[in-house]
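Numbering (full-length UniProt numbering), first residue to last: 1 to 376.
Ideal Cβ positions, reconstructed from N, Cα and C, are used throughout, including at glycine.
None of the values given here were measured: they were computed from a predicted structure.
Take a look at the structure below.
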């Protein structure tokens with residue numbers, strides 16, 4: 001690996017300090033000696049460089065309107081990226097596929113980092129009528145297949161191989177936080193609080209989680225970006241228990257350090273992921289699973305077959321039927337009333353993260369892959 005190898009990561013969608021893009025990939029590459037630049041939507045006064053990790057950040061204009069962002073964001077990203085002349089361009093959003101195609105030359109590498117199953121995501125968008133979704137889905141499939149032929153693929157999920165049949169898996173395992181790994185949880189003094197971390201949306205079980213206080217008189221903390229409109233709808237859904245819902249992240253991105261603070265400063269009953277059954281999430285191993293495990297929290301999640309197999313393999317939680325609220329209640333009461341078993345689930349999860357499911361394993365894969373691409 002050449003110390004002068006120039007790497008540019010690009011996003012028009014994600015926050016500049018997104019955990020996968022910034023804290024995992026960019027920081028790891030910078031520490032390995034690469035010259036790393038990140039292009040991301042950011043306020044001009046906060047641009048330039050992160051002083052701790054020395055990752056240069058080139059600001060892109062932020063657009064409040066989705067359609068303006070999709071139209072104008074890639075244009076400005078292309079203009080700025082072209083000036084850098086990088087050895088590797090690594091982009092993170094499907095709206096940048098055409099820009100990645102334009103940037104690809106004989107003497108460089110372009111990586112498409114696939115964070116989601118975008119086709120399935122399109123097909124479950126509620127704001128598109130079904131005929132329109134089918135047209136957009138087919139159009140996206142055709143354009144994607146055509147434009148990524150000469151790109152390298154970075155896959156955030158194992159099952160994306162089913163769609164692409166090629167690529168390198170760099171999974172979203174957690175960065176080990178020594179404070180979280182070493183903290184002891186006294187299950188005999190567990191609180192009446194449940195934790196959910198990550199973006200809050202209807203597809204991610206927003207209304208299921210909002211229903212919990214009505215069912216079992218427990219407080220639910222939701223730490224992650226949530227629109228103010230959705231937060232208010234969830235409070236209405238909670239009825240007279242609306243004050244049992246606690247939001248940190250309304251209309252804003254929640255930094256990694258803030259989320260870790262929540263993990264380490266409360267004796268939570270469990271980490272939540274009670275999602276409705278949608279094609280988009282049936283096969284995913286959620287990043288929050290690994291984070292809950294790292295913090296020693298038992299998981300309560302939907303009993304999708306993939307999730308059930310994961311929980312069974314690591315013995316780190318309880319699965320429930322997302323449409324059977326009695327099972328939710330039974331799971332929470334079991335963890336409250338059986339502290340030894342709950343502690344064992346937390347221990348098992350943390351052990352799995354330490355042994356095999358941490359970012360350290362993926363970091364070494366990322367470094368080896370980059371070196372291979374540059375040597376090629």
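Residue i - containing beta strand (DSSP E), residue span
i: residue 56; result: 56-60
i: residue 247; result: 245-250
i: residue 302; result: 299-302
i: residue 89; result: 88-91
i: residue 196; result: 193-197
i: residue 236; result: Element bounds for residue 236: not the beta strand (DSSP E) but the alpha helix (DSSP H), 228-238.
i: residue 319; result: 317-320
i: residue 272; result: 271-273
i: residue 155; result: 152-155
i: residue 7; result: 6-10
i: residue 112; result: 109-114
Of the residues the options, the one placed nearest residue i, counting alpha carbons only
i: residue 254; options: 240, 223, 375, 142; result: 223
i: residue 92; options: 83, 84, 77, 106; result: 77
i: residue 178; options: 295, 244, 107; result: 295
i: residue 38; options: 129, 288, 249, 90; result: 90
i: residue 84; options: 292, 332, 313, 36; result: 36
i: residue 327; options: 360, 346, 212, 349; result: 212
i: residue 288; options: 139, 198, 143, 164; result: 198
i: residue 243; options: 258, 264, 309, 217; result: 217
i: residue 181; options: 372, 291, 341, 13; result: 291
i: residue 94; options: 132, 151, 134; result: 151
i: residue 148; options: 107, 196, 99, 186; result: 99
i: residue 162; options: 183, 184, 119, 133; result: 119
Cutoff 6 Å; reference residue i; Cβ partners in own chain excluding five residues on either side
i: residue 200; result: 206, 222, 224, 226
i: residue 369; result: 168
i: residue 356; result: none
i: residue 220; result: 194, 209, 212, 245
Nonlocal neighbours in the same chain, by C-beta distance under 7 Å from residue i, ignoring five residues either side
i: residue 303; result: 319, 320, 321
i: residue 234; result: 206, 207, 210, 245
i: residue 237; result: 207, 210, 211
i: residue 54; result: 30
i: residue 373; result: 88, 109, 152
Same chain, Cβ closer than 8 Å to residue i, five either side skipped, listed in chain order
i: residue 23; result: 17, 175, 256
Cβ-Cβ distance between residue i and residue j below 9 Å
i: residue 154; j: residue 137; result: no
i: residue 60; j: residue 80; result: yes
i: residue 41; j: residue 11; result: yes
i: residue 276; j: residue 203; result: yes
i: residue 306; j: residue 159; result: yes
i: residue 283; j: residue 113; result: no
Cβ of residue i within 9 Å of any chain B Cβ
i: residue 119; result: Reference to chain B is not applicable here, since this structure consists of a single protein chain.
Range of the contiguous alpha helix (DSSP H) that encloses residue i
i: residue 146; result: 130-147
i: residue 83; result: 66-84
i: residue 283; result: That residue, residue 283, is in no alpha helix (DSSP H); it is neither H nor E in DSSP.
i: residue 357; result: Here residue 357 belongs to no alpha helix (DSSP H), and DSSP marks it neither H nor E.
i: residue 335; result: 325-337
i: residue 32; result: Residue 32 -> no alpha helix (DSSP H), and no H or E assigned at all.
i: residue 96; result: Careful: residue 96 lies outside any alpha helix (DSSP H) and carries neither H nor E.
- Message: So, does the segment 181-198 touch the segment 326-340, judging by three or more C-beta pairs under 8 Å?
- Response: Yes, they touch.
- Does the segment 258-276 come close enough to the segment 297-311 that 3 or more CB-CB pairs lie under 8 Å? Verdict: yes, contact present.
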